[in-house]
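Peer 1:
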Amino acid sequence: MAERATDTLVRFARIVSDAAASEEMMPRLCEALVEHVSADGIAVVVLEPSGGARLAAEHGLPEGARSVSFEPDDIGADLGRQILGAAEGAFACERTRPLVAGGGLFGAVVMLFRSAAGPPEESLLLAEGLVDLAAIALGSAIHVAQLEKQFTDLRTSQELLARTEKLRALGQMAAGVSHDLKNILNPLSLHLQIIQRALDKGKIDDVKESIPEMKQVLVRGLETLERLRDYSRQSKESKTELVELDVLAREAAKIAKPRMASSGGGRVVTIREELTGPPAVMAMSGEVVSALVNLVVNAIDALGGKGTITLRSGEHDGGSWVAVEDDGPGMPKEVEQKIFEPFFTTKGSEGTGLGLAMVYATMQRHGGTITLDTAPGEGTRIRLWFPPPSPASAGHRL
169 MAERATDTLV RFARIVSDAA ASEEMMPRLC EALVEHVSAD GIAVVVLEPS GGARLAAEHG
229 LPEGARSVSF EPDDIGADLG RQILGAAEGA FACERTRPLV AGGGLFGAVV MLFRSAAGPP
289 EESLLLAEGL VDLAAIALGS AIHVAQLEKQ FTDLRTSQEL LARTEKLRAL GQMAAGVSHD
349 LKNILNPLSL HLQIIQRALD KGKIDDVKES IPEMKQVLVR GLETLERLRD YSRQSKESKT
409 ELVELDVLAR EAAKIAKPRM ASSGGGRVVT IREELTGPPA VMAMSGEVVS ALVNLVVNAI
469 DALGGKGTIT LRSGEHDGGS WVAVEDDGPG MPKEVEQKIF EPFFTTKGSE GTGLGLAMVY
529 ATMQRHGGTI TLDTAPGEGT RIRLWFPPPS PASAGHRL
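Per the numbering used here, the sequence shown runs over residues 169 to 566.
#1: Could you please give me the residues that DSSP links to L540 through a beta bridge?
#2: For P447 and P556, which I take to be in contact (beta-carbon distance under 8 angstroms), what is that distance rounded to the nearest angstrom?
#3: Based on Cα-Cα distance, which residue from S558, V464, I423 and V213 lies nearest to G486?
#4: With a threshold of 8 angstroms on Cβ separation, who are the neighbours of R222 within its own chain once the five nearest residues in sequence on each side are excluded?
#5: Going by DSSP, what residue range makes up the alpha helix (DSSP H) through M531?
#6: How is R222 classed by DSSP in three states: helix, strand or coil?
#7: Which two residues bound the contiguous beta strand (DSSP E) that contains G482?
#8: Using a Cβ distance threshold of 8 angstroms, determine whether the segment 260-268 contacts the segment 282-294, with at least three qualifying pairs required.
#9: State the start and end residues of the unbroken alpha helix (DSSP H) segment that holds I468.
#10: Quick check: the segment 224-238 against the segment 192-208, are there 3 or more CB pairs under 8 angstroms?
#11: Could you please give the first and the last residue of the uninterrupted beta strand (DSSP E) stretch that includes E502?
#12: Flag this pair as yes or no: are the beta carbons of F274 and I310 separated by less than 9 angstroms?
#13: Are the segment 498-510 and the segment 449-458 in contact at 8 angstroms, needing three or more beta carbon pairs?
#14: Just reading off the beta strand (DSSP E) that R440 is part of, what are its end residues?
#15: Applying the 10 Å Cβ sphere with the 16-neighbour rule, what's the burial state of I379?
#16: Measure from the alpha carbon of G307 to the alpha carbon of each residue in E316, A525, G286 and A269, then state which is nearest.
#17: Assign K404 to one of two classes, buried (16 or more other C-beta atoms within 10 Å of its C-beta) or exposed (fewer than that).
#18: Alpha carbons only, please: which of L280, Q314 and G271 is nearest the one belonging to G137?
#19: Per the DSSP calculation, L227 is bridged to which residue(s)?
#20: Per DSSP, which one or two residues make a beta bridge with A200?
#21: Would you kindly check if the distance between the Cβ of V464 and the Cβ of A578 is under 9 angstroms?
#22: Could you check the C-alpha separation between Q364 and M382 for me, to the nearest Å?
#23: Could you tell me if S488 is buried or exposed, where buried requires 16 or more neighbouring beta carbons within 10 angstroms of its beta carbon?
#24: Among T324, V202 and K317, which residue has its Cα nearest to the Cα of V277?
#25: Tell me the rounded alpha-carbon separation between G535 and Y528.
#26: Return the bridge partner residues of P497 from the DSSP annotation.
#27: Buried or exposed, going by whether 16 or more other CB atoms sit within 10 Å of the CB of G547?
#28: Using 8 angstroms as the cut-off, classify the Cβ of I243 as near or not near the heavy atoms of the ligand HEM, replying yes or no.
#29: Find out if the Cβ-Cβ distance for the pair P544, G475 is shorter than 9 angstroms.
#30: Tell me the rounded alpha-carbon separation between T539 and I372.
#31: Out of L301, A424, A233 and T324, state which residue places its alpha-carbon closest to the alpha-carbon of L177.
#32: Cα separation between A467 and L367?
#33: Can you round the beta-carbon distance between E442 and L479 to whole angstroms, since I take them to be within the 8 angstroms contact cut?
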C-alpha cells in the first residue's frame, strides 16, 4: 500500500508540475482524489488575489452545492459542513483539507463521501499528500503570476518614464536649440548693422566681406533647426562626416566675431589661433560649430570686454581635440562643479543655463569627452576631445 501511495504521489507531482496555472491544476487534483481516495464528490475552493473566494474545480456536486457563494472567512472547518449542507443529503460525510504551502493559505479541498464511515485512514493520508503537492504547485503558480504582473507593471512604468523623459529631454533640447540659435543668429543682426554702416560710408568691399559670412550663419541656423526636428522624430540616421576641427573652430570664431565688437569698449577682445591641424574626425559639423560658438561666446562674456581668447587644437590618445581658452577671471570650485548642469547659470536673468549643458550633450553623442581647467584669476580652458574615425570613414574632409 505504501509503495502504491508513493507511486501515486510521484505521478501526481509530475502532473501538477506541468500545469501552468490553477485552472489546469485543480481539475487534476479532483481526478486524483476520485481515483485514489474514492471520494464521491470534490469541491476545491481557492482564495482570489483580489480578496474573494471561488469554486475553482469540482466533481460530482449537485447543482445546489455548485451555486454556493464563498467568502474568504469560509475557508476553515465550516467550509465542509457548508458544502455538505448545500448538497441536500447527497453525501453522508465530508473531510476538509487546507491548501497550505510556504506559510500561505491558498484555499481548501472538501472531499465528500456517501458512506457515513468515510474513507480509511491510509486513504486520508494519501489525500493529504495529494493536497499538499497541489498547494505547493498552486503557491508557485500564484507567485509566478505575481512576478509576471510586477514585471508587466515595471515595464509599463519604464515605458511611461521613457516617454516622460523623452518629452523632458525634448523640451530641454528645444530650449538649448533656442540658445544655440540665439548665439548663431545674433551675429546676423550685427552683420546687417555692419553692412548698413558700410553702405552709409560707401565701403562696398566691407559689404562683400560680410555677405558670405551671413550666408554661413544662416546655414548653421538651419542645421540647428534640423537637429531639433531629427531629435523629435528620434531619427537614427547618422549625419556625421569627416571634418577638420581647425576649420570648424575658425568658422565658430567668424560667427562670434560681431559679438566681440559689441562686448563693450570697442574691439578689445581678441581671438588668437594656435591650431595645429590634427587628424580629421567623424562629427556632425553643425553641432560642433554650435558647441564652439557657445564656448567662444561664454569666453567673450567672461572677459567683460577686455582680454584674449585662444583657439587651440591637437592630438591626444589617438583622437583629436579643440579647445577654447580665455584669460578671464576663471571660476571658483563651486561653479566649476555645476557648470555643465542644465539650467545652471552665472548670468542671472540673462542666461538660460543650457549652453554648456548642450556642449556636454554634443560630446556625449559623439563619443568624446569634455574637460574643464579653471581657477579663480587663472582663466578658463575647455577642451573637446573626439575619438579617431574608423578606417572605413576615411575619405572626404570638410
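Every residue, glycine too, gets a C-beta built ideally from N, C-alpha and C.
Peer 2: With the structure as the only source:
#1: Taking the sequence shown and counting its residues from 1, the one referred to as residue 540 is at position 372. BP columns for L540 point to I550.
#2: As a position in the sequence shown, residue 447 is number 279, starting the count at 1. As a position in the sequence shown, residue 556 is number 388, starting the count at 1. At roughly 7 angstroms, the Cβ-Cβ gap stays under 8 angstroms, so P447 and P556 are in contact.
#3: As a position in the sequence shown, residue 486 is number 318, starting the count at 1. Taking the Cα of G486 as reference, the smallest distance to any Cα among S558, V464, I423 and V213 is reached at S558.
#4: The residue given as residue 222 occupies position 54 in the sequence shown. V213, V214, E216 and F238.
#5: On the sequence shown, residue 531 is found 363 positions in, with the first residue counted as 1. Run containing M531: G523 to R533, per the alpha helix (DSSP H) assignment.
#6: On the sequence shown, position 54 is the one that residue 222 refers to. Reduced to three states, the DSSP call for R222 is strand.
#7: Working through the sequence shown from its first residue, we reach residue 482 at position 314. G482 -> beta strand (DSSP E) spans G475 to H484.
#8: yes
#9: One-based indexing of the sequence shown puts residue 468 at position 300. Start and end: S453 to L471.
#10: yes
#11: As a working mapping, residue 502 is identified with position 334 in the sequence shown. It is not in any beta strand (DSSP E) - E502 instead sits in the alpha helix (DSSP H) that spans K501 to E504.
#12: As a position in the sequence shown, residue 274 is number 106, starting the count at 1. As a position in the sequence shown, residue 310 is number 142, starting the count at 1. Their beta carbons are under 9 angstroms apart, which means F274 touches I310 by this criterion.
#13: With the cut-off at 8 angstroms, the segment 498-510 and the segment 449-458 do not touch.
#14: Residue numbering aside, residue 440 sits at position 272 when the sequence shown is read from its first letter. Counting along the chain, the beta strand (DSSP E) containing R440 begins and ends at V437 to E442.
#15: Within the sequence shown, the letter at position 211 stands for residue 379. Exposed.
#16: Numbered from 1 along the sequence shown, position 139 holds the residue referred to as residue 307. Answer by Cα proximity: A269.
#17: Locating residue 404 in the sequence shown gives position 236, counting from the first residue. For K404, the predicted structure reports a pLDDT of 44, less than 50, and the residue's modelled location is therefore unreliable. A value from the coordinates is still provided. With fewer than 16 neighbouring CB atoms inside 10 Å of its own CB, K404 falls in the exposed class.
#18: Past the edges of the chain, shown from 169 to 566, lies residue 137, and the structure says nothing about it.
#19: As a working mapping, residue 227 is identified with position 59 in the sequence shown. Note on residue identity: the sequence assigns His, not Leu, to residue 227. For H227, which the question treats as bridged, DSSP gives the partners I210.
#20: As a first step, residue 200 is located in the sequence shown; it is residue number 32 there, counting from the start. DSSP, once it has assigned bridges, lists no residue as partnering A200.
#21: Residue 578 lies beyond the residue range present for the chain, which begins at 169 and ends at 566; the question has no answer from this structure.
#22: Residue mapping note: residue 364 aligns to position 196 of the sequence shown, counting from 1. Residue mapping note: residue 382 aligns to position 214 of the sequence shown, counting from 1. Near 14 angstroms, if we compare the C-alpha coordinates of M382 and Q364.
#23: Sequence index remark: in the sequence shown, residue 488 carries index 320 (1-based). Buried: at least 16 other Cβ atoms inside 10 Å.
#24: Working through the sequence shown from its first residue, we reach residue 277 at position 109. Minimum Cα-Cα distance from V277 among the listed residues T324, V202 and K317 corresponds to V202.
#25: Start at 1 with the first residue of the sequence shown, and residue 535 comes out as number 367. Start at 1 with the first residue of the sequence shown, and residue 528 comes out as number 360. If you take the alpha carbons of G535 and Y528, they lie about 11 angstroms apart.
#26: As a first step, residue 497 must be located in the sequence shown, where it is residue number 329. According to DSSP, P497 bridges with nothing at all.
#27: The sequence position of residue 547 within the sequence shown is 379, counting from 1. With 16 or more Cβ atoms within 10 Å of its Cβ, G547 is classed as buried.
#28: By its list of ligands, the structure shown contains no ligand whatsoever, and the ligand HEM lies outside what it can speak to.
#29: Within the sequence shown, residue 544 is the residue found at index 376, counting from 1. Within the sequence shown, residue 475 is the residue found at index 307, counting from 1. Their beta carbons are not under 9 angstroms apart, which means P544 does not touch G475 by this criterion.
#30: Within the sequence shown, the letter at position 371 stands for residue 539. Within the sequence shown, the letter at position 204 stands for residue 372. The straight-line gap from Cα to Cα measures roughly 43 angstroms.
#31: In the sequence shown, counting from the first residue as 1, residue 177 sits at position 9. The shortest C-alpha separation from L177 is found at L301.
#32: Mapped onto the sequence shown, residue 467 falls at position 299. Mapped onto the sequence shown, residue 367 falls at position 199. Looking at the two C-alpha atoms, the distance is approximately 31 angstroms.
#33: Residue mapping note: residue 442 aligns to position 274 of the sequence shown, counting from 1. Residue mapping note: residue 479 aligns to position 311 of the sequence shown, counting from 1. 7 angstroms between Cβ atoms; contact.
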